[in-house]
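A.B. asks: Would you mind keeping the following structure in view while I ask a few things?
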Amino acid sequence: MAAPRVPHSRPSRHRDRICAIPRPALATVAPSGRAGRAGPEGHTGHTGHTGHRRTHTDRSNPVPETTAFTESPERQALRASVADFAAGFGEDYWLACARDGRKTDELWAAAGRQGYLGVAVPEEYGGGGGGIGDLAAVAEELQTAGCPLLLIVVSPAICGSIIGRFRTPAQKQRWLPGFADGTRKMGFAITEPDAGSNSHNIRTTAERDDATGDWILRGDKVFISGVDEVQDVMVVARTTHNRPGKLRPALFVIPTDAPGLHYSPIDLGILAPEKQFAVQLDDVRLPADALVGDADAGIEQLFAGLNPERIMAAATATGMARLALRKAVAYTSTREVWGAPIATHQAISHPLAQSHVETELARLMTQRAAALCDAGDFAGAGEAANMAKFAAAEAACTAVDRAVQAHGGNGLAEEYGLVHLIGNSRMIRIVPVSREMLLNFVAQTGLGLPRSY
Numbered sequence: 001m002a003a004p005r006v007p008h009s010r011p012s013r014h015r016d017r018i019c020a021i022p023r024p025a026l027a028t029v030a031p032s033g034r035a036g037r038a039g040p041e042g043h044t045g046h047t048g049h050t051g052h053r054r055t056h057t058d059r060s061n062p063v064p065e066t067t068a069f070t071e072s073p074e075r076q077a078l079r080a081s082v083a084d085f086a087a088g089f090g091e092d093y094w095l096a097c098a099r100d101g102r103k104t105d106e107l108w109a110a111a112g113r114q115g116y117l118g119v120a121v122p123e124e125y126g127g128g129g130g131g132i133g134d135l136a137a138v139a140e141e142l143q144t145a146g147c148p149l150l151l152i153v154v155s156p157a158i159c160g161s162i163i164g165r166f167r168t169p170a171q172k173q174r175w176l177p178g179f180a181d182g183t184r185k186m187g188f189a190i191t192e193p194d195a196g197s198n199s200h201n202i203r204t205t206a207e208r209d210d211a212t213g214d215w216i217l218r219g220d221k222v223f224i225s226g227v228d229e230v231q232d233v234m235v236v237a238r239t240t241h242n243r244p245g246k247l248r249p250a251l252f253v254i255p256t257d258a259p260g261l262h263y264s265p266i267d268l269g270i271l272a273p274e275k276q277f278a279v280q281l282d283d284v285r286l287p288a289d290a291l292v293g294d295a296d297a298g299i300e301q302l303f304a305g306l307n308p309e310r311i312m313a314a315a316t317a318t319g320m321a322r323l324a325l326r327k328a329v330a331y332t333s334t335r336e337v338w339g340a341p342i343a344t345h346q347a348i349s350h351p352l353a354q355s356h357v358e359t360e361l362a363r364l365m366t367q368r369a370a371a372l373c374d375a376g377d378f379a380g381a382g383e384a385a386n387m388a389k390f391a392a393a394e395a396a397c398t399a400v401d402r403a404v405q406a407h408g409g410n411g412l413a414e415e416y417g418l419v420h421l422i423g424n425s426r427m428i429r430i431v432p433v434s435r436e437m438l439l440n441f442v443a444q445t446g447l448g449l450p451r452s453y
């Protein structure tokens with residue numbers, strides 16, 4: 001099934017204004033106005049969608065910035081459609097997969113058939129033609145339903161954004177349709193054992209074989225998501241004439257079955273169906289067309305993927321905060337100790353209310369970052385995306401902690417569904433970029449303070 005289509009909008013004289021949210025998403029909506037619910041078997045009651053109608057968004061009267069992020073009716077319909085779809089799987093399905101060592105293949109395939117994975121893929125490649133804001137809404141609603149898809153951050157967001165901007169039409173045709181319908185997954189490998197957060201110091205090298213035109217890659221990567229369930233990995237390397245110290249990356253797409261590519265799992269105390277891996281590249285020989293874009297222009301290509309990565313991470317964290325608060329509200333509204341629900345006590349209600357405020361502020365910043373990214377303001381999107389990821393990760397961590405506290409001892413009982421969120425919310429303050437590195441970036445770019453690294 002094709003992805004939900006997104007109506008095109010006219011070029012705007014106000015593209016530099018944050019309020020111009022381009023190409024709002026149309027959801028895949030059943031005739032009743034709600035999307036059909038798909039269960040773990042992949043069946044759905046969906047019989048069609050109304051997303052084929054093309055309309056233009058009126059930009060003649062720009063929305064004041066104070067109301068810039070009231071989501072369009074189309075985006076709201078997309079959210080409602082995804083929420084209804086995700087309820088057919090839910091947290092029980094996701095937890096069962098994680099505990100049994102299974103992948104969420106049924107959920108991924110069903111999301112692909114419904115078009116949700118491809119909302120940001122151009123229409124000519126089978127996608128919805130929307131933007132990262134639409135894909136972020138999908139990720140947020142899946143997480144809010146308790147069944148997140150980690151690789152939605154990697155495959156259609158990071159890799160899809162880079163390939164969509166920098167590959168040739170033939171190369172786009174090779175990968176983007178599979179991203180749109182979920183039949184193809186791609187990993188992303190940048191982190192290294194020694195370089196850590198210092199991407200300028202990556203040591204994975206790409207050497208050109210002048211005789212054949214091939215590239216030969218050597219190096220090590222760590223904390224690479226889902227290598228065991230993707231067909232390819234986009235690897236960040238440096239050409240041999242570029243020494244460590246200043247980041248001039250080159251990006252390559254490597255099949256996971258390529259000779260010389262080896263990977264091994266990293267055991268984490270985190271409950272999730274997707275695993276993390278160490279990857280070794282031992283003289284991996286690649287054809288010339290494995291290179292993404294230009295060998296010496298990789299920095300622009302890299303950040304074309306990293307901004308969407310942060311936006312998607314922020315959306316996922318926002319969904320996690322919403323999930324924790326939903327559980328806390330349900331529990332405290334019915335739990336009675338002194339003849340009334342414990343939510344009537346301000347010691348219970350105020351922390352939850354504060355987390356709700358923090359979550360909505362994080363969502364607002366995430367929408368701003370997505371709007372800037374979709375409008376082509378990549379410099380502005382960089383700072384906003386980092387702010388969004390920081391705010392959302394902090395909101396998620398705090399919301400989960402407050403939800404556990406509101407449950408008392410029950411917060412640590414498996415049946416209340418909060419225990420696994422403790423580790424996952426803590427992790428999201430570290431990945432894909434730590435809060436400290438985010439603050440370094442904001443201090444430098446937002447406040448003009450001296451570089452700290």
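Residue numbers in the sequence shown follow the UniProt record's numbering, run continuously in steps of one, and reach 453 at the last position.
For glycine and all other residues, C-beta sits at the position ideal for the given N, C-alpha and C.
Do the CB positions of V253 and M234 come within less than 9 Å of each other?
C.D. replies: Taking 9 Å as the Cβ cut-off, V253 and M234 qualify as a contacting pair.
A.B. asks: E300: which of G126, A109, R248 and P351 sits nearest, CA to CA?
C.D. replies: When each option's Cα is compared against that of E300, the closest is R248.
A.B. asks: Go ahead and pull the three-state DSSP assignment for D289.
C.D. replies: The answer is helix: DSSP assigns D289 an H, G or I state.
A.B. asks: By the three-class DSSP mapping on this structure, what secondary structure does K185 have?
C.D. replies: Note: K185 maps to coil in three-state DSSP.
A.B. asks: Where does A170 land, buried or exposed, given buried means 16+ other C-beta within 10 angstroms?
C.D. replies: The residue is exposed, with fewer than 16 neighbouring Cβ atoms inside 10 Å.
A.B. asks: Name the one or two DSSP bridge partners that Y263 has.
C.D. replies: In the DSSP output, where bridge partners are listed per residue, Y263 has V279.
A.B. asks: Roughly how many angstroms lie between the CA atoms of A369 and A384, to the nearest whole one?
C.D. replies: Cα to Cα, the separation comes out at about 5 Å.
A.B. asks: So is V154 buried or exposed if we call it buried at 16+ other beta carbons inside 10 Å?
C.D. replies: So V154 counts as buried.
A.B. asks: Are the CB atoms of H420 and K327 within a distance shorter than 9 Å?
C.D. replies: Cβ distance not < 9 Å, so K327 and H420 don't count as in contact.
A.B. asks: Looking at C-alpha atoms only, which residue of G182, Q280, G115 and Q143 is the closest neighbour of R218?
C.D. replies: Nearest option by C-alpha distance: Q280.
A.B. asks: Just grab the DSSP bridge partners of A237 for me.
C.D. replies: For A237, which the question treats as bridged, DSSP gives the partners A250.
A.B. asks: Leaving out five residues on either side along the sequence, give the residues of the same chain with a beta carbon under 8 Å from the beta carbon of G90.
C.D. replies: Excluding residues within five positions, the ones whose Cβ falls inside 8 Å are A145, G146 and C147.
A.B. asks: Report the partner residues of R208 according to the DSSP bridge assignment.
C.D. replies: Bridge partners of R208: W215.
A.B. asks: Using 8 Å as the threshold, is the region 105-113 in touch with the region 125-136, meaning 3 or more CB pairs across them?
C.D. replies: The region 105-113, when compared against the region 125-136, does not touch it at the 8 Å Cβ threshold.
A.B. asks: Within a Cβ cutoff of 6 Å, which residues of the same chain sit near G293, ignoring the five residues on either side of it in sequence?
C.D. replies: Taken in chain order, the residues that qualify are F166 and Q301.
A.B. asks: Can you tell me whether DSSP reads I132 as helix, strand or coil?
C.D. replies: Here I132 sits in helix by DSSP.
A.B. asks: Measure the alpha-carbon distance for D209 versus L449 and round it to whole angstroms.
C.D. replies: Going from the Cα of D209 to the Cα of L449 covers about 43 Å.
A.B. asks: Do A206 and A278 count as a contact pair if the criterion is CB distance below 9 Å?
C.D. replies: The answer is no: Cβ separation not under 9 Å.
A.B. asks: For V357, does the count of other Cβ atoms within 10 angstroms reach 16, so buried, or fall short, so exposed?
C.D. replies: Its Cβ having fewer than 16 others within 10 Å, V357 is exposed.
A.B. asks: For D214, which of D296, R285 and I202 has the nearest alpha-carbon?
C.D. replies: Taking only the C-alpha atoms, the option nearest D214 is R285.
A.B. asks: Which residues mark the beginning and the end of the alpha helix (DSSP H) in which C97 is found?
C.D. replies: Per DSSP, C97 belongs to the alpha helix (DSSP H) from G90 to D100.
A.B. asks: Should residue 458 go down as buried or exposed, given a rule of 16 or more other Cβ atoms within 10 Å for buried?
C.D. replies: The first residue shown for the chain is 1 and the last is 453, placing residue 458 beyond what the model contains.
A.B. asks: Between which residues of its own chain and R99 is the CB-CB distance below 8 Å, once the five residues before and five after are set aside?
C.D. replies: Cβ neighbours of R99 beyond the five flanking positions: L271.
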